[in-house]
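Numbering (our numbering), first residue to last: 1 to 393.
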């Protein structure tokens, strides 16, 4: 049963104290946001999102629309978390307010024969939409207001009557709300982000670990929505989401245990290491992410070869060698053997930390020479938003 599996994994997750790590809530939220926008086409990475959110540093490799999409969703989550903790009634008006925050800087103005409306203001659609090219049409726009009102009433009744200690039932409620809202499809754009936002807010309301839908899950996730809609059985989507959440939590447990290595001295904080690599060596965030992924992969291994890295990550041999050489130069790895039989082992984390603090003058000068990306300017963002086309519904 998915319910029993999830409960067992949650018990282990809590017992390990994973949530108690410094800045866990912040980085977990950033991950949710980055992957939610990635499902809608954003290519902003978690490291780039962190730099954008914490430092206001934009990436020259990403479009302004992609980065505004992430900033808007962050603002919507921060507003929504404070709002839902007050246990308010969820109404059509409150959903429109949330949608206006999700679409604040990327929402379009629509002028149609059936009326004008603004996605940036969270206004309900006045046009009919389909689920992609050749897809099934969602309900007629004339039916949306009444259907959304009915959904809110049912959701509030279920929230009021639910046992907050029944964790699986609360998750089921949040997954049901996700499916219902995305099926109603109240807006011309932003329905996926809004449905995942509402799902997470309900989980936060009852102090649960929020569930993620990673960009790697996109195909299965969309198929689960299609199957549920075609068979008119919302338990299909609920079961899918329970299993998906359990899978993600189990992966975090495995990564935590591997990083601990049996000793708290060996714990690796992935976001922190990424940030240090960016700050100290001026490496690109995308490169830092790959290097830290390699360290996590190696954390439970005594040593590794270039060939193993190629097989696991599907790198080209020259790329794998370059990454290993960089990690060795940075002090994380130690090379062993000659060119023909070379392998690498992970240095002690405290030694690598000392290396971070004791950088050579050359490395410091290199960091100083690195070109920094300018900070976000709110006025330029607003101008860019008005010129940019919106993402597809």
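Yeah, the Cβ is synthetic: ideal placement off N, Cα and C, and Gly gets one too.
A straight line joining the alpha-carbon of residue 251 with that of residue 309 spans about 20 Å. Residue pairing by DSSP places residue 111 opposite 116 in a beta bridge. Apart from the 5 residues on each side of it in sequence, residue 298 sits with its Cβ closer than 7 Å to the Cβ of 304 and 346 in its chain, given in chain order. In the DSSP annotation of this structure, the continuous segment of the alpha helix (DSSP H) that includes residue 149 starts and ends at 144-161. Collapsing the DSSP output to three states places residue 334 in a strand. Residue range 343-346 is occupied by the beta strand (DSSP E) that includes residue 344. Here residue 169 carries a helix assignment [DSSP, helix/strand/coil].
249 is the residue among 302, 249 and 307 whose C-alpha sits nearest the C-alpha of residue 7. Between residue 188 and residue 144, the CB-CB gap reaches or exceeds 8 Å.
Rounded to whole angstroms, the Cβ separation of residue 98 and residue 202 is 12 Å, and the two are not in contact under 8 Å. A distance of 8 Å or more separates the beta carbons of residue 81 and residue 156. Three or more Cβ pairs drawn from the stretch 275-290 and the stretch 44-56 lie within less than 8 Å of each other, which places the two stretches in contact.
As a beta-bridge residue in DSSP terms, residue 130 pairs with 137. Secondary structure of residue 57 (DSSP, three-state): strand. Annotation: residue 301 to residue 148 spans about 52 Å, alpha carbon to alpha carbon. Contact between residue 185 and residue 221 is absent: CB atoms are separated by about 16 Å, not below the 8 Å threshold. Selection 209, 343 and 339 evaluated against residue 26 yields 209 as nearest (Cα-Cα).
The stretch 60-79 makes no contact with the stretch 173-182; the number of CB pairs closer than 8 Å stays below 3.
Rounded to whole angstroms, the gap between the alpha carbons of residue 234 and residue 275 is 41 Å. One alpha carbon belongs to residue 313, the other to residue 296, and they sit about 12 Å apart. Under DSSP, the beta-bridge partners assigned to residue 304 are 344. From the listed residues 284, 338 and 213, the smallest Cα separation to residue 323 is found for 284. Counting only the Cα atoms, residue 96 lies some 11 Å from residue 190. Less than 8 Å divides the Cβ of residue 58 from the Cβ of residue 52.
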